[in-house]
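S.K.: Structure incoming, see below.
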Amino acid sequence: MDILEKHHSLFSVIVDFGKAGKILKEAKKLGATGGTIFLGRGTVHNHFLDILGLSEVRKEVLLIIIEEEREAALFHGLNQKFHFEKPHHGIVFSMDLKSCFGIRDSKCKLNVDNKGVRDMGYDAIFTIVDKGLDHEVIEAAKLGGATGGTIIRARGSGTRDKPILFNIEIDPEKEIILILSPNKNTDSIVRAIEKELNINQPGKGIIFVMDVKKTLGLYQGN
């Protein structure tokens, strides 16, 4: 295969605050050309911590676009050093990219054949809503069988009426809620979020689901 036309994957890591930089540094040693780190919050499903107001943990989300042929080595190398197979060490997962641009010395070829890809039985559910609705999304998702999620701050630019301050348009703050779900629970989780937050109504939010190709660090009931 020509070097300019290779399949790529989106390699994602969710870890406690302060660890993503170390993981990115190690990933570069294993062939990654770079990555992007987002700040987020993880939800902990624990009634006692809920009472104390400590049910949220600061997280970092690391996204790396990697050539598919390097993916296995990246999973193995990072797991050897950071032990994602152990509970509470983080979550790693990858998803196919259909196309991408701007990758140094490389151009994504369309991932349409999925040859050799093993179905891991998990989906990544992304919900984008206005700031302040993250807890409603998480609670709705739990009704559908989810055990928690990761919340990422963002800004929206698709609203029709933006607030104006001193004659300057302000992009409204948004929150992205990422939930990793077993395939069997995905439909019920999505339907619960849609119902509780009226997602089908204009301006209420967006939900999209992506197949997860490979995972590390996911445990049922955690």
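Residue numbers (our numbering): 728 to 949.
Positions of the beta carbon are idealized from the N, C-alpha and C atoms, including for glycine.
Applying the 10 Å Cβ sphere with the 16-neighbour rule, what's the burial state of Glu798?
M.R.: Counting Cβ neighbours within 10 Å, Glu798 comes out buried, since at least 16 surround it.
S.K.: Starting from Phe809, follow the beta strand (DSSP E) in both directions and report where the run begins and ends.
M.R.: Segment 795-809 is the alpha helix (DSSP H) holding Phe809; no beta strand (DSSP E) there.
S.K.: Are the CB atoms of Gly871 and Arg918 nearer to each other than 8 Å?
M.R.: Yes, they are a contact pair.
S.K.: CA-CA distance, Lys901 and Ala754?
M.R.: Each residue's Cα considered, the two are about 29 Å apart.
S.K.: Can you give me the Cβ contacts of Leu757 inside the same chain, cut-off strictly under 8 Å, excluding the 5 residues immediately before and after it?
M.R.: Result list for Leu757: Arg797, Ala800, Leu801, Gly804, Leu805, in chain order.
S.K.: Which stretch, first to last residue, makes up the beta strand (DSSP E) that contains Ala851?
M.R.: That run of the beta strand (DSSP E) goes 849-857.
S.K.: Taking 8 Å as the limit between beta carbons, can you name the residues of its chain near Gly780, skipping five residues before and five after?
M.R.: The pLDDT assigned to Gly780 is 47, lower than 50, so where the model puts this residue is not dependable; a value taken from the coordinates is nonetheless given after this. Around Gly780: no qualifying Cβ.
S.K.: If you measure between the beta carbons of Gly817 and Ile741, is that distance less than 8 Å?
M.R.: Closer than 8 Å, so yes.
S.K.: Please classify Glu902: does DSSP put it in a helix, a strand, or coil?
M.R.: Glu902 falls in the strand class under three-state DSSP.
S.K.: Is Asp743 close to the ligand MN? I mean its beta-carbon at under 7 Å from any heavy atom of the ligand.
M.R.: This structure lacks the ligand MN; in fact it carries no ligand of any kind.
S.K.: For a test of the three-state rule: what should DSSP assign to Val819, helix, strand or coil?
M.R.: The answer is strand: DSSP assigns Val819 an E or B state.
S.K.: Can you look up Lys869 in the DSSP assignment and give me helix, strand or coil?
M.R.: Helix at Lys869.
S.K.: So what does DSSP say about Val740, is it helix, strand or coil?
M.R.: DSSP places Val740 in strand when its eight states are reduced to three.
S.K.: Grab me the residues of Gly932's own chain with a C-beta within less than 7 Å of its C-beta, minus the 5 sequence neighbours each way, in chain order.
M.R.: If we look at Gly932 and ignore the five residues flanking it on each side, its Cβ neighbours are Thr854, Ile855, Val856, Leu924, Ile926.
S.K.: Only counting the same chain, and skipping five residues up and downstream in sequence, which positions put a Cβ closer than 7 Å to that of Lys941?
M.R.: Result list for Lys941: Phe802, Phe820, Ser821, Met847, in chain order.
S.K.: When burial is assigned at 16 or more other CB atoms within 10 Å of the CB, is Lys752 buried or exposed?
M.R.: Exposed: under 16 other Cβ atoms inside 10 Å.
S.K.: Beta-carbon separation of Asn910 and Asp850 under 8 Å?
M.R.: Yes, the Cβ-Cβ distance between Asn910 and Asp850 is below 8 Å.
S.K.: Find out if the Cβ-Cβ distance for the pair Leu945, Leu905 is shorter than 8 Å.
M.R.: Result no, Cβ atoms of Leu945 and Leu905 do not sit closer than 8 Å.
S.K.: Measuring straight from C-alpha to C-alpha, what distance separates Ser915 and Ile852?
M.R.: Taking the straight line joining both Cα atoms gives about 12 Å.
S.K.: Helix, strand or coil for Ala754 per DSSP?
M.R.: Helix.
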